[in-house]
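Engineer:
In this note's numbering, the protein residues as written are 106 to 693.
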């Protein structure tokens, strides 16, 4: 540092010639990163060298040894022959680059500096061997940043105005058509890095990642997420774009979930019928194990409705119910507290998915069924001692009713196996019937969440609590019988839905109508036979045997009771003809 200070002082006060400093030019007295070197073998660091010093091993003057004060003497060092520019330092760059360059270590200005060094070496024939080594190392390096990431030079294209003509839409389309004609396919199988030309207006356009494109966008739902290629290219070219560049044919289930979740972020938390249909139609059309697993993991909100309004809300999957029991759904339809029921399309004109198919998907997603989740408290059933027990065979549960049930369950709409339908019929045969002169109040409860309870109170004319062997009827309705149409409908609905609502709600409606018609004729067996024939239903041999077995003791008991009544010449009210079994069969 003192020496450089003296040289500065001398050069300022007297004319100092380089020849007078010749002895300094030949001695290795400057400490560099490569040890002590002559001035001509040393480089002083500057902003131009810093950009490549991370990837090239250069003989830079050691500023850790001299301190930053060394940079005050740049003019003196340059006078002594220290290298400061790329033109003289290019050979040292070629010698210092030993391996291919790591892209994260080389900034944009560093690459420009390397190219300058190559340019200077090319201008000097005596540096040809060094140029070859440098060129080889750069050629093997992923050092050029492209629109598809870092690439080696051989994989890059440098555009200039001369290329502008081939960017026109017609030219690009012809090129794609040419490649398609000869069934071209890329050698690189990593199709995530491919790009596709998207034409714009007035001859403009842009190259976009192939992963940001789809061939088709049904109902134009993903315009903000994907470029739909069918809008830009003819139909015959689309398969080539898919096979050559990895463009997806349609958005995936993950894309539809992204769309679904974006709808859930709306301020009102609602979706339209069209949006609902689009999502679930895709799910049904694409259904497989992967779709099922993806929905189970990631679909957290489901469409839910309230019967009194048309809006569809996206609600947490744990807070909605499948309305598998139409009677219960009707009871809760008066409650507007929260959306309770998962959305089901109302007609095939708005959505081609059947309610049964959508119900099945909801079940797979572990949505709770209403019939299994509802809780009811029945004030009238808590004190049966205050109700009057009546003979179920007298008006309600006789051979005619059981004939209707067995014939319908064996028919084409339900086609229930023999053993199962006999168990269902037996659950009706063993019912005990009680009539109450007090209103039958039933409080129904559903709990969508731990903090929310929906409660509805309803007066019933007929009540059959699930898994109960007791049928509770309103006294006035029971006495009026077929003259009370509301009671008749309530009786038929309660039995039909109790037997079939969880299996097939539409079948429960059909059975209820037949039971109502049978009731109007007091379940007379001749009338029931005609009714079954009109409905194209009949009892099989096994059903006739079951019927005879179930009501054999009833006929014997009735004959004996009538004989005793005649012998003693007094009136007696007949009790239940069939003794209550110790263990009753639960209804299915």
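Beta carbons: idealized from backbone N, C-alpha and C, even for Gly.
Cβ atoms of residue 565 and residue 540: under 8 Å apart, would you say?
Structural biologist: Cβ atoms of residue 540 and residue 565: not closer than 8 Å.
Engineer: Confirm, please, whether the CB-CB distance from residue 467 to residue 427 is below 8 Å.
Structural biologist: Closer than 8 Å, so yes.
Engineer: Let's test the definition: count the other Cβ atoms within 10 Å of the Cβ of residue 252 and tell me whether it reaches 16, buried, or not, exposed.
Structural biologist: Per the 10 Å Cβ criterion, exposed.
Engineer: Between 261, 289, 236, 623, which lies nearest to residue 248 when the distance is taken from Cα to Cα?
Structural biologist: For residue 248, the nearest C-alpha among the options comes from 261.
Engineer: Alpha carbon to alpha carbon, what distance is there between residue 538 and residue 509?
Structural biologist: Each residue's alpha carbon lies about 19 Å from the other.
Engineer: Ignore the nearest five residues each way along the sequence and tell me which others in residue 303's own chain have a CB closer than 7 Å to its CB.
Structural biologist: So the qualifying residues of the chain are 310, 311, 313, 332, 337.
Engineer: Quick one: what does DSSP say residue 405 is sitting in, helix, strand or coil?
Structural biologist: Note: residue 405 maps to coil in three-state DSSP.
Engineer: Taking C-beta to C-beta, are residue 160 and residue 237 nearer than 8 Å?
Structural biologist: No.
Engineer: What's the C-alpha gap between residue 284 and residue 419?
Structural biologist: Going from the Cα of residue 284 to the Cα of residue 419 covers about 47 Å.
Engineer: Apart from the five residues on each side of it in sequence, which residues of its chain come closer than 6 Å, Cβ to Cβ, to residue 109?
Structural biologist: The residues are 178, 181.
Engineer: Between the C-alpha atoms of residue 656 and residue 499, what's the straight-line distance to the nearest angstrom?
Structural biologist: When rounded, the distance between both Cα atoms is 13 Å.
Engineer: Alpha helix (DSSP H) containing residue 360: first to last residue?
Structural biologist: That run of the alpha helix (DSSP H) goes 358-369.
Engineer: Output needed for residue 516: all residues of its chain with C-beta closer than 6 Å, excluding positions within five of it in sequence on either side, in chain order.
Structural biologist: So the qualifying residues of the chain are 642.
Engineer: Assign residue 384 to buried or exposed, taking buried as 16 or more other Cβ atoms, counted over all protein chains shown, within 10 Å of its Cβ.
Structural biologist: Classification for residue 384: buried.
Engineer: Mind the definition here: the stretch 372-384 touches the stretch 446-456 only if three or more C-beta pairs lie below 8 Å; say whether that holds.
Structural biologist: Touching, per the Cβ criterion.
Engineer: Whose C-beta lies closer than 6 Å to the C-beta of residue 133 among residues of the same chain, with five residues either side of it excluded?
Structural biologist: The answer, listed in chain order, is 141, 142, 143.
Engineer: Which whole-angstrom value describes the C-beta separation of residue 546 and residue 562, a residue pair presumed to lie in contact below a C-beta threshold of 8 Å?
Structural biologist: Confirmed, about 6 Å.
Engineer: Using the rule of at least 16 other Cβ atoms within 10 Å of the residue's Cβ for burial, across every protein chain shown, is residue 671 buried or exposed?
Structural biologist: Here residue 671 scores only 40 on pLDDT, less than 50, and its place in the model should not be relied on; the value that follows carries that caveat. With fewer than 16 other Cβ atoms within 10 Å, it is exposed.
Engineer: Give, in chain order, every unbroken run of the beta strand (DSSP E) that is at least 3 residues long and sits entirely within the stretch 201-267.
Structural biologist: Complete beta strand (DSSP E) runs here, min 3: 249-251, 254-256.
Engineer: Between the C-alpha atoms of residue 279 and residue 399, what's the straight-line distance to the nearest angstrom?
Structural biologist: Distance between the alpha carbons of residue 279 and residue 399 is about 40 Å.
Engineer: Thinking C-beta only, is residue 646 closer than 8 Å to residue 549?
Structural biologist: No, they are not a contact pair.
Engineer: Please give the ranges of any beta strand (DSSP E) in the stretch 532-610, keeping only runs that are unbroken, at least 3 residues long and fully inside the region.
Structural biologist: List check, beta strand (DSSP E) in window: 537-541, 545-554, 557-565, 575-579.
Engineer: Can you tell me which of the three DSSP states residue 116 falls into?
Structural biologist: Residue 116 falls in the helix class under three-state DSSP.
Engineer: Tell me where the alpha helix (DSSP H) around residue 128 begins and ends.
Structural biologist: From DSSP, the alpha helix (DSSP H) with residue 128 extends over 127-131.
Engineer: Could you have a look at residue 305 and say whether DSSP puts it in helix, strand or coil?
Structural biologist: Coil at residue 305, not helix or strand.
Engineer: Grab me the residues of residue 505's own chain with a C-beta within less than 7 Å of its C-beta, minus the 5 sequence neighbours each way, in chain order.
Structural biologist: These residues qualify, in order along the chain: 623, 628, 629, 630, 633.
Engineer: Excluding five sequence neighbours on each side, which residues of the same chain lie with their C-beta closer than 6 Å to the C-beta of residue 222?
Structural biologist: These residues qualify, in order along the chain: 191, 195, 198.
Engineer: Decide if residue 170 is buried, meaning its Cβ has at least 16 other Cβ atoms within 10 Å, or exposed.
Structural biologist: Its Cβ having fewer than 16 others within 10 Å, residue 170 is exposed.
Engineer: Helix, strand or coil, according to DSSP, for residue 621 in the structure here?
Structural biologist: Residue 621: helix per DSSP, three-state reduction.
Engineer: Over what stretch of residues does the alpha helix (DSSP H) that includes residue 385 continue unbroken?
Structural biologist: Run containing residue 385: 378-390, per the alpha helix (DSSP H) assignment.
Engineer: Suppose only complete runs of 3+ residues qualify. What are the beta strand (DSSP E) ranges in the stretch 454-484, listed by chain order?
Structural biologist: Here the runs fully enclosed are 480-483.
Engineer: Residues bridged to residue 310 by DSSP?
Structural biologist: DSSP, once it has assigned bridges, lists 304 as partnering residue 310.
Engineer: Are residue 353 and residue 319 touching if we call contact CB-CB under 8 Å?
Structural biologist: Against a cut-off of 8 Å, the Cβ pair of residue 319 and residue 353 comes out as a contact.
Engineer: The beta strand (DSSP E) spanning residue 419 covers which residue range?
Structural biologist: Run containing residue 419: 417-421, per the beta strand (DSSP E) assignment.
Engineer: According to the neighbour-count rule (16 or more other Cβ atoms, all chains shown, within 10 Å of its Cβ), is residue 513 buried or exposed?
Structural biologist: With 16 or more other Cβ atoms within 10 Å, it is buried.
Engineer: For a test of your reading of the model: does the CB of residue 396 fall under 7 Å from any non-hydrogen atom of the ligand MG? Yes or no.
Structural biologist: For the structure depicted, the ligand MG is absent and the ligand set is empty, with no information on it obtainable.
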